[in-house]
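Beneath this line is the structure, given in structure tokens, with notes to follow.
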Amino acid sequence: MKHAIIPFLFLIIFCEITGAQVIYVHGQAQGSNDGTSWASAFTDLQAALSVAQPGDSVWVAQGTYFPTQDSDRTVYFELKNGVRLFGGFAATETALNERDWETNHTILSGDIGVLNDSTDNSLTILYMENADTTTAVDGFVFQKGNADDGSGGFTGLTAIGGAMYINGEAGFAYPRIRNCRFERNYALLFGGAVYVNGSNNGSVAPRFYNCVFEQNHAGSDGGAIYRAGGSWVEVKNDFWNCTFTRNRAENHGGAILYLESERTDTIEFTGCKFIENEAGKSGGGIAYFGGRDIGAKVIIGDCSFIKNKARKGGGYYCLPWNFLYTDLLLFKNSEF
Numbered sequence: 007m008k009h010a011i012i013p014f015l016f017l018i019i020f021c022e023i024t025g026a027q028v029i030y031v032h033g034q035a036q037g038s039n040d041g042t043s044w045a046s047a048f049t050d051l052q053a054a055l056s057v058a059q060p061g062d063s064v065w066v067a068q069g070t071y072f073p074t075q076d077s078d079r080t081v082y083f084e085l086k087n088g089v090r091l092f093g094g095f096a097a098t099e100t101a102l103n104e105r106d107w108e109t110n111h112t113i114l115s116g117d118i119g120v121l122n123d124s125t126d127n128s129l130t131i132l133y134m135e136n137a138d139t140t141t142a143v144d145g146f147v148f149q150k151g152n153a154d155d156g157s158g159g160f161t162g163l164t165a166i167g168g169a170m171y172i173n174g175e176a177g178f179a180y181p182r183i184r185n186c187r188f189e190r191n192y193a194l195l196f197g198g199a200v201y202v203n204g205s206n207n208g209s210v211a212p213r214f215y216n217c218v219f220e221q222n223h224a225g226s227d228g229g230a231i232y233r234a235g236g237s238w239v240e241v242k243n244d245f246w247n248c249t250f251t252r253n254r255a256e257n258h259g260g261a262i263l264y265l266e267s268e269r270t271d272t273i274e275f276t277g278c279k280f281i282e283n284e285a286g287k288s289g290g291g292i293a294y295f296g297g298r299d300i301g302a303k304v305i306i307g308d309c310s311f312i313k314n315k316a317r318k319g320g321g322y323y324c325l326p327w328n329f330l331y332t333d334l335l336l337f338k339n340s341e342f
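Just so we're on the same page, the working numbering is the position in the sequence shown counted from 1, plus 6.
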């Protein structure tokens with residue numbers, strides 16, 4: 007009986023993998039709009055995301071896409087666990103490596119309602135919950151999200167994460183974010199561009215590769231990114247080859263604020279640039295509050311910190327919860 011179980015499990019896994027499909031999105035498609043090809047692509051991105059299943063890839067052609075066509079600020083794109091979302095296509099490609107995401111700008115914009123009036127913009131643009139390492143966002147520009155509504159407080163989606171909300175509360179969040187730009191997003195409280203929620207014993211460790219964060223603003227902490235909580239697993243919270251320019255937080259973490267919990271995970275920045283970011287109180291580039299457990303570590307390697315400003319720690323500010331732990335921070339070949 008045991009020997010029969012193994013092939014059966016393999017068959018299930020094989021069927022799931024081979025059942026994965028590419029779903030196409032093109033705002034100007036004229037065909038049947040069922041997502042089966044560029045000619046018959048969905049014109050609505052959320053329609054494609056709604057039918058996508060774990061293992062599927064959603065390919066999105068160049069153009070600007072809004073979470074809603076009306077003025078409902080609470081509507082956002084929602085990405086399911088295990089779905090990979092790719093932008094940067096010219097709508098002619100047949101293979102992923104044929105796309106040029108740097109030329110074919112695929113914009114996810116919060117500028118709904120009256121054009122160029124930020125007061126009616128989307129409160130957040132993209133939301134994901136319990137997203138594991140197979141979940142990816144690659145090749146998009148996120149702009150003009152405006153989480154300026156304080157009525158939801160610390161728990162709602164209205165004042166945190168202007169462009170992206172990664173929710174691992176009481177669960178997990180390990181998505182991969184690659185080749186994306188986050189520009190001119192705002193949050194009244196935390197995470198002008200991105201908020202990562204690891205509260206209530208959640209385990210969060212998103213990775214950002216080759217991303218740009220420019221002119222994002224938080225009314226309190228984390229001008230570009232705010233992360234609350236740590237990770238229970240050995241998944242490093244990597245920032246690789248990312249650039250943070252002219253982001254601002256009124257209090258802490260002009261570019262990034264990490265609020266660590268009781269974890270021993272490693273946060274690693276490699277080849278990143280922090281340029282002219284500003285915080286009103288501490289950490290013009292990065293502010294880190296944590297390191298309660300022995301073994302937690304922040305590694306900053308081959309990074310540059312240029313003209314960042316704050317009352318304390320223009321480039322980097324670290325406040326360990328455990329003052330007996332002296333090996334929390336490690337710099338390697340970095341410039342200030």
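Using N, Cα and C, we set each Cβ at its ideal position, and we do this for glycine too. Since the structure is predicted, the reported quantities are computational estimates derived from the model, not experimental observations.
Within a Cβ cutoff of 6 Å, which residues of the same chain sit near S128, ignoring the five residues on either side of it in sequence?
P73, R79, G116, I118, G151
Contacting residues, own chain, Cβ-Cβ under 7 Å from Y82 (five flanking each side not counted):
P73, S128, T130, I131, L132, Y133
Distance between S124 and D138 (C-alpha atoms, nearest Å)
32 Å
Enclosing beta strand (DSSP E) for A54 [first to last residue]
No beta strand (DSSP E) holds A54; the alpha helix (DSSP H) holding it covers 51-57.
Determine the extent of the beta strand (DSSP E) in which E220 is found, giving its start and end residues.
218-220
What separation, rounded to the nearest whole angstrom, lies between the Cα atoms of H111 and S56?
23 Å
What residues in its chain sit with their C-beta under 6 Å from that of F295, if we drop five residues either side in the sequence?
L265, L325
Between the Cα of Q372 and the Cα atoms of N222, G277, E282, which residue gives the shortest distance?
Outside the modelled stretch of the chain, which goes from 7 to 342, sits residue 372, for which no answer is possible.
In the DSSP assignment, what residue or residues form a beta bridge with H223?
Y192, R254
Counting C-beta neighbours from all protein chains within 10 Å, is the total for N122 16 or more, i.e. buried, or is it exposed?
exposed
Secondary structure at N152, three-state DSSP: helix, strand or coil?
When secondary structure is reduced to three states using DSSP, N152 falls in the strand class.
Going by DSSP, which residues form a beta bridge with C186?
In the DSSP output, where bridge partners are listed per residue, C186 has none listed.
What residue does the beta strand (DSSP E) around N203 start on, and which one ends it?
Segment 200-203, the beta strand (DSSP E) holding N203.
Would you grab the beta carbon distance between A234 and A255 for me? Rounded to a whole angstrom, and I think it's under 8 Å.
Not a contact, Cβ separation roughly 14 Å.
Member of Y215, D62, A179 whose CA lies at the smallest distance from the CA of F188
Y215
Who are the near neighbours of N283 in its chain, counting only those whose CB is closer than 6 Å to its CB and skipping five residues on each side?
The beta carbon of N283 is closer than 6 Å to those of F250, N253, G260, A261, G290, G291, N314 in its chain, skipping five residues each way along the sequence.
What residues match up with T112 in a beta bridge as DSSP calls it?
G69
Note down the Cα distance separating A276 from A53, rounded to an integer number of angstroms.
In the sequence as displayed, the identity of residue 276 is Thr instead of Ala. The straight-line gap from Cα to Cα measures roughly 36 Å.
Candidates N136, G319, M170, L114: which alpha carbon is nearest G93's?
Considering only alpha carbons, the answer is L114.
Could you say which of Y232, I172, T98 lies nearest to V198 if we only look at CA atoms?
The residue asked about is misnamed: residue 198 is Gly in this sequence, not Val. Put simply, of Y232, I172, T98 the residue whose alpha carbon is nearest the alpha carbon of G198 is Y232.
Figure out for me which residue from G174, S340, V89, M170 has the closest Cα to the Cα of C186.
M170
Going straight from the alpha carbon of K338 to that of D155, what length do you get?
40 Å
Give the secondary structure of N173 by DSSP, where H, G and I count as helix, E and B as strand, and everything else as coil.
strand
Per-residue burial, L263 [other beta carbons within 10 Å of its own, 16 or more giving buried]:
buried
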